[in-house]
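Step one of this worksheet: look at the structure below.
Protein chains: 2
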Amino acid sequence: MSAKSFVERLSRLADLDEIDIDLAQSIPWSSVTVARGRDILSLSDRPSYVYVIESGWAARHSVRKDGSRRITGFMLPGDFCGIHAVTGEAMEHAIFALTKCEVTRVQANIIEEAIAVSPAIGRALWRAKLTDEAILRRWLLNSHDAETDLAHLICELHARADAIGAADDNRFLMPVTQEQLGDALGLTSVHVNRMMKKLRLSGLVQFEGHEILIPDIDALRASCDFSPAYLHLPERGLRPALAA
Amino acid sequence: MSAKSFVERLSRLADLDEIDIDLAQSIPWSSVTVARGRDILSLSDRPSYVYVIESGWAARHSVRKDGSRRITGFMLPGDFCGIHAVTGEAMEHAIFALTKCEVTRVQANIIEEAIAVSPAIGRALWRAKLTDEAILRRWLLNSHDAETDLAHLICELHARADAIGAADDNRFLMPVTQEQLGDALGLTSVHVNRMMKKLRLSGLVQFEGHEILIPDIDALRASCDFSPAYLHLPERGLRPALAA
DNA sequence: CGCCCTTTTGAAGAAAATCAAGGGCAGTGG
DNA sequence: CCACTGCCCTTGATTTTCTTCAAAAGGGCG
């Protein structure tokens with residue numbers, strides 16, 4: 099573990115000059131391990147740290163009065179969470195570990211100082227937030243057809259996994275149960291299961307357990323009108339080893 | 099028209115000291131009027147301005163391949179749009195005027211310089227973005243029951259109108275057609291109409307045209323589990339005259 | 001081995017979409 | 001001034017989609 103992922107991620111989000119990088123590298127950090135199923139940040143927490151997922155997958159989720167859940171976003175290695183800590187807001191949802199997660203954390207007030215000194219670091223975090231927002235809008239845009247929505251979510255997660263080198267081109271590990279997919283899509287796990295079957299029968303997606311195989315990524319993307327631009331992913335090529 | 103609304107809005111989002119306020123007030127601005135139904139910002143635009151709605155209502159929306167629309171947010175007087183201009187990103191959705199809108203605009207690069215000099219201004223914009231994000235997550239959280247979702251949207255818009263003094267306690271003007279409500283909720287206009295009728299019959303909401311009357315706001319809020327905290331509204335009391 | 005979690009499938013029911021048609025109201029033009 | 005037109009609201013009947021309820025099978029792990 100290192101704070102490498104923190105600086106790496108920042109520098110992929112905005113152009114940092116040497117001064118920015120030196121500053122970012124000088125920021126003290128610590129590391130935490132969170133077991134599968136446990137919260138990284140809980141509802142109503144006022145986090146005093148900003149976190150970066152080092153390894154593992156996590157998700158944001160809220161629980162309704164009737165006990166049903168809604169997942170409002172997934173987090174993969176390299177993703178920030180708790181950035182809004184810099185304003186001292188309380189968490190309006192929880193972030194929990196889908197798998198065992200290793201998490202690097204940095205004190206929020208130190209981040210805030212760094213932003214004041216280095217606007218480029220502020221821009222990097224701003225860009226991360228814009229990506230979160232774009233994903234949320236995309237999720238809203240989708241919610242209209244179960245099969246398409248599921249295909250789109252698989253495309254999103256594949257593209258994000260691929261961008262951090264956690265996908266073997268057409269194959270990747272998606273550690274999300276069908277019930278969790280349902281919570282993310284606003285569907286029941288039963289219906290997710292049927293839609294997965296449809297995707298399998300149509301030949302667009304194959305899977306064994308959580309190992310997803312996409313025989314023809316272009317066909318899958320076309321089927322759900324997926325285009326990765328909104329994810330603001332870095333150009334492929336560098337692919338640092340951040341995989342789960 | 100003035101840039102007053104710009105500075106006012108900033109100062110309600112974060113604690114600005116005199117220096118910040120002087121700086122904000124020195125920022126040059128201009129004003130534009132946009133007719134009902136026209137775009138304030140179009141898809142793929144790379145806006146070079148940050149906008150504040152001076153009067154009127156607007157909405158963000160995307161169009162799907164099949165021609166159906168999804169509204170992903172409403173904008174009321176005092177709201178920013180195009181803040182993400184500061185990173186030079188292209189618009190991934192359009193913003194259009196629900197009513198005739200007067201809009202104040204400020205050059206994005208000047209905003210960016212202001213942020214570099216005054217971290218408080220940056221925090222204010224950051225906070226505005228966090229509110230946008232919280233609303234998006236809430237919309238995702240809702241989408242599960244048409245009547246409840248509609249009630250929740252009315253509560254959101256009422257609370258936001260009230261916060262800018264555009265509501266007369268239990269009465270406000272919601273210039274949104276039922277079809278647009280459907281686009282916002284992911285429902286057909288037919289179904290929105292039926293749900294409006296249900297709300298009317300249950301006595302929770304009355305309306306004449308777009309004039310909404312809420313006989314018992316607590317009852318309506320309880321019916322859809324609405325709590326305004328996530329909107330980060332300013333404390334009531336000041337109520338500057340920004341209404342549409 | 002037995003338990004729990006997850007996946008899978010079936011059947012019945014509820015929610016929302018679709019299709020269709022009529023009515024009100026405001027703006028426009030003859 | 002009135003008729004026409006377009007937009008929005010309203011309602012009914014039918015169909016589709018998704019949920020709910022129920023049950024069984026697979027797989028990993030203590």
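Line by line, the protein sequences give chains A and B. In the working numbering, each residue carries its 1-based index in the first sequence increased by 98. In the working numbering, each residue carries its 1-based index in the second sequence increased by 98. Even glycine gets a Cβ: it sits at the ideal position worked out from N, Cα and C. Computed from a prediction, not measured in an experiment: that's the story for all the values here.
DSSP lists LEU271/A and GLU306/A as the beta-bridge partner residues of GLU309/A. At a Cβ-Cβ threshold of 9 Å, GLU231/B and LYS227/A count as neighbours. Under the Cβ criterion of 9 Å, GLY220/A is counted among the residues facing chain B. In this structure, the straight-line span from the alpha carbon of ILE169/A to that of ARG158/A is close to 6 Å.
Counting only the Cα atoms, ALA206/A lies some 12 Å from VAL150/A. Under a 10 Å Cβ-count criterion, ALA320/B is classified as exposed, with fewer than 16 other Cβ atoms of the shown protein chains found around its own Cβ. Close partners of LEU239/B in chain A (Cβ separation under 9 Å): SER160, ARG162, ARG168, THR170 and HIS191. Cβ proximity to chain B below 9 Å picks out nothing from the region 286 to 307 of chain A.
The Cβ of TYR147/B sits no closer than 9 Å to any Cβ of chain A. Relative to the Cα of ALA244/A, the nearest Cα in the group ARG269/A, ASP281/A, HIS330/A and ILE213/A belongs to ASP281/A.
The count of Cβ pairs closer than 8 Å, one atom from the region 168 to 185 of chain A and one from the region 264 to 279 of chain A, reaches three, so the stretches are in contact. Contact between the region 126 to 134 of chain B and the region 194 to 206 of chain B is present: three or more C-beta pairs spanning the two stretches fall below 8 Å. In terms of beta-carbon proximity, ILE213/B lines the interface with chain A, with at least one pair separated by less than 9 Å. Under the 9 Å criterion on CB atoms, PRO217/A is classed as interfacial with respect to chain B.
If you draw a 10 Å sphere on the C-beta of VAL288/B, you find fewer than 16 other C-beta atoms in it, and that means exposed.
A direct Cα-Cα distance of roughly 11 Å separates PHE270/A from GLU306/A. When the Cα atoms are used, LYS102/B and GLY220/B turn out to be separated by approximately 18 Å. Across the structure, HIS330/A and SER146/B are spaced so that their CA atoms are roughly 19 Å apart. Residues of the region 242 to 256 of chain A whose Cβ lies closer than 8 Å to any Cβ of chain B, in chain order: HIS242. With respect to chain A, the C-beta atom of LEU228/B has a partner C-beta closer than 9 Å. The three-state secondary structure of PHE324/A, taken from DSSP, is coil. Sorting PRO313/A, ILE181/A and LEU239/A by C-alpha distance to the C-alpha of ARG298/A places PRO313/A at the top. The criterion of a C-beta distance shorter than 9 Å is not satisfied by VAL161/A and ALA183/A.
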